[in-house]
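Protein chains in written order, with this note's numbering: chain U, 325 to 734; chain Z, 1294 to 1697.
No residue lacks a Cβ here, since even glycine has one placed at the ideal position from N, Cα and C.
For reference, the structure is listed below as structure tokens.
Dropping the structure here:
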């Protein structure tokens, strides 16, 4: 869908996802790295645990469908070459600290004067302006400052984040892709590009707002991880142990009770584990706000026993068959083995000739009938397309390339 | 006034609940004309669920609905009646985009599938967003965000290594889906602008969420490794975590990555003797003694409010923050104030309320949030101004109970 567009990718970290999605959508994405390589190449996990900057699975994941060149923007030669590339580009995505590009003489105003149609997309921890614009952030800081951390965790332990890689920056990355395409679409009507500004903190506030600002704004209530439910002081189970892990299921009350709970009772009965108490309960009048802990425990007892007998995969399959909304707490292996993803041909095999193998990747994020989204090729090696871009496209001589290489420009 | 970003985009919006409306809200806040099809008998779940202003329920008082449906128009239409279906198709002829998020296959059964809409509007872009996609053995299975979050793998990697999986708070995947939905829609719009071709977009929220698990998934695919929860730890940083502060349930977060960070961190906390001990001298050493390190850091942070910790650390160039609660976000955070993330709106039934503006800003195009519509508020506007129906035609629909 985005095949006429060229994107220059100056991001690092999870922000790399932004241009990857544009590449999957067909744009010509050029990842620009420092001659020493992007910091993301040092982030694990690694292919077969071989710790090597050409084997980072993190790098692989977020750089499909891109070509790669090296370029050092901190040299005068590098900046001049960049400006040449800007002339024929449509979009630049960057995640430097606010002001960094301005400091190099590559701020939006300069870029606009080189190419009035250029769309510059900037991703930063707190945005391009404001009292916190120079604050440093990593995922845990963004997650905390955005409000999602406060409401996540056990009451007797600190608030907790989602482990490993930065979810916050992934949200910002997709938002940046949206902003990029929005600005490109708008450019057709106005003839002008613009500067898109994405704050990681704001993306987290969006993630958290339903259980934070919405309750504060509406009724002055602060939900905490100690009391996550507005509606009941009772201990109710949502996470149930099963034979090989856990599943999530919520017993319903009120208007949805019969529609949600009865299918589970049907399923239990079909496996000779039905319970008369559950069947005979008056679900129309049952409410978690008015019942007792004893009753809740009595309801949960036979359900607990039932879930324990089956595996995650079995319960999902039975759930679909009987229309019970029980879902596995999936591990990465479970996701990998998902029946649904396989049936939809979701996974994509990408060749890694230098590894002598192909690796399976998450595929298209949407199934488009006319112009399919395609995860087209593996992440670039360092400087893999230097010759293609510098020599073939820009016409640099061999002498020039040697000089630039030795001067740490490329 | 600068042309609004999505000024000329027309959206026929069948979405309900969270993920769908949050996507069309970005379109409407940036100027698109979004017509929301509603129904008295089966109102949008978010109109029925709370929280409600002053805890008084009402179809026009729901905070969820009002926050997620700013700047949109609402028309009541009974799609189970042939005349209702007809009006919907007339709107499809008018629209650039039709979007729905019922469970897989539903909209086709209703007679509003892509093939049907294409007949009245060959260039229409239609997007269906549901949990698991329109095809496959689990396509029609209902579910909600918190369940998909577990299915996608996020719950398993949230929480403590010695405890059961926790999961992020709320319907986490409901906040991933809309971003991808917008990306798909805008890309398709741009393609159509260039080629005249519309298309059908089958978006599975599961398939979008999996992208946020990509590195962990590749570890499983390539290395056969299934990683578990690690609390607030990070391989290549220490100290790294949430630390207790002065005040009730007040916490800060601190993340020290480089030697320089460590040096500045020690400076801020007054260079106590323990920081000079060899077991804290290098990153690797700190990782081997992290429980003790965290205990010592907590001893310091406990004496300060999180605001103070953040200010002191950030002044020294160390990444640190407040674990902000709802009140911090909406009333105290100076950055969010400066950025005008929260818009105050006035609603005839729910009174004053706050909604978030879109997460991306563009330098030359303004956005404007208008309050969410009352149920069926724009029946007349849509039928008269957009569909150019006569008073008689409208009266017929009323009599037949189509505008309910």
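- Contacts with chain Z at 8 Å (Cβ-Cβ) include residue 513 (chain U).
- Neighbours of residue 1620 (chain Z) across chain U, judged by C-beta separation under 7 Å: 540, 546.
- In the structure shown, residue 1393 (chain Z) falls within a strand segment according to DSSP collapsed to helix, strand and coil.
- Within the stretch 1675 to 1689 of chain Z, no residue has a Cβ lying closer than 9 Å to any Cβ of chain U.
- At the C-beta level, residue 413 (chain U) and residue 1546 (chain Z) stay beyond 8 Å of one another.
- Closest in alpha carbon position to residue 1499 (chain Z), among Z:1436, Z:1628, Z:1381, Z:1486, is Z:1436.
- DSSP assignment within the stretch 574 to 637 of chain U yields the following whole alpha helix (DSSP H) runs of 4 residues or more, N-terminal first: 581 to 594, 600 to 604, 617 to 632.
- For residue 1422 (chain Z), the uninterrupted beta strand (DSSP E) run begins and ends at 1418 to 1423, by DSSP.
- Ranked by Cα distance from residue 542 (chain U), the first of Z:1344, Z:1486, Z:1369 is Z:1344.
- Within the stretch 1494 to 1545 of chain Z, the runs of alpha helix (DSSP H) that reach at least 4 residues and sit entirely inside it are, in chain order, 1498 to 1502, 1507 to 1516.
- Taking each of U:622, U:503, U:545, U:582 in turn and checking the Cα distance to residue 560 (chain U), the smallest one comes out for U:622.
- Residue 1640 (chain Z) sits in a strand when the DSSP states are folded into three classes.
- In this structure, residue 1490 (chain Z) lies near residue 694 (chain U), with their beta-carbon atoms less than 8 Å apart.
- One thing to note: residue 578 (chain U) has its Cβ no nearer than 8 Å to the Cβ of residue 589 (chain U).
- Burial of residue 1660 (chain Z) is indicated by the presence of at least 16 other C-beta atoms within 10 angstroms of its C-beta.
- In the three-state DSSP reduction, residue 1554 (chain Z) falls in the helix class (H, G or I).
- Distance check between residue 580 (chain U) and each of U:606, U:644, U:726 places U:606 closest, using alpha-carbon atoms only.
- The DSSP-derived three-state label of residue 1613 (chain Z) is strand.
- Unbroken alpha helix (DSSP H) runs of no fewer than 4 residues, entirely contained in the stretch 1623 to 1687 of chain Z, are found at 1627 to 1631, following chain order.
- For residue 346 (chain U), the enclosing alpha helix (DSSP H) stretches over residues 340 to 348.
- Listed by position along chain Z, the residues whose Cβ is nearer than 7 Å to that of residue 454 (chain U) are 1628, 1631, 1632.
- Within 10 angstroms of the beta-carbon of residue 327 (chain U) lie fewer than 16 other beta-carbons, which makes it exposed.
- In terms of CA proximity to residue 1464 (chain Z), Z:1445 leads the group Z:1457, Z:1445, Z:1477, Z:1476.
- As a beta-bridge residue in DSSP terms, residue 564 (chain U) pairs with U:571.
- With 16 or more other Cβ atoms from the protein chains shown falling within 10 Å of its own Cβ, residue 494 (chain U) counts as buried.
- Annotation: residue 676 (chain U) to residue 498 (chain U) spans about 26 Å, alpha carbon to alpha carbon.
- By the 16-neighbour rule on beta-carbons within 10 angstroms, residue 1425 (chain Z) is buried.
- The beta-carbon separation of residue 1598 (chain Z) and residue 1607 (chain Z), rounded to 14 Å, does not stay under the 8 Å limit for a contact.
- Residue 1600 (chain Z) and residue 420 (chain U) have their C-alpha atoms spaced approximately 25 Å apart.
- The way I'd put it, the stretch 1438 to 1456 of chain Z doesn't touch the stretch 1323 to 1341 of chain Z; fewer than three beta-carbon pairs between them come closer than 8 Å.
- By the criterion of a C-beta distance shorter than 7 Å, residue 591 (chain U) is surrounded in its chain by 642, 646, 648, once the five residues flanking it on both sides are discounted.
- DSSP places residue 1366 (chain Z) in the uninterrupted beta strand (DSSP E) bounded by 1366 to 1369.
- With its beta carbon at least 8 Å from every one in chain U, residue 1532 (chain Z) lies outside the interface.
- In this structure, residue 1596 (chain Z) keeps its C-beta atom at 8 Å or more from the C-beta atom of residue 1536 (chain Z).
- Closest in C-alpha terms to residue 625 (chain U), from the list U:575, U:653, U:672, comes U:575.
- Within the DSSP secondary-structure output, residue 682 (chain U) pairs in a beta bridge with U:675.
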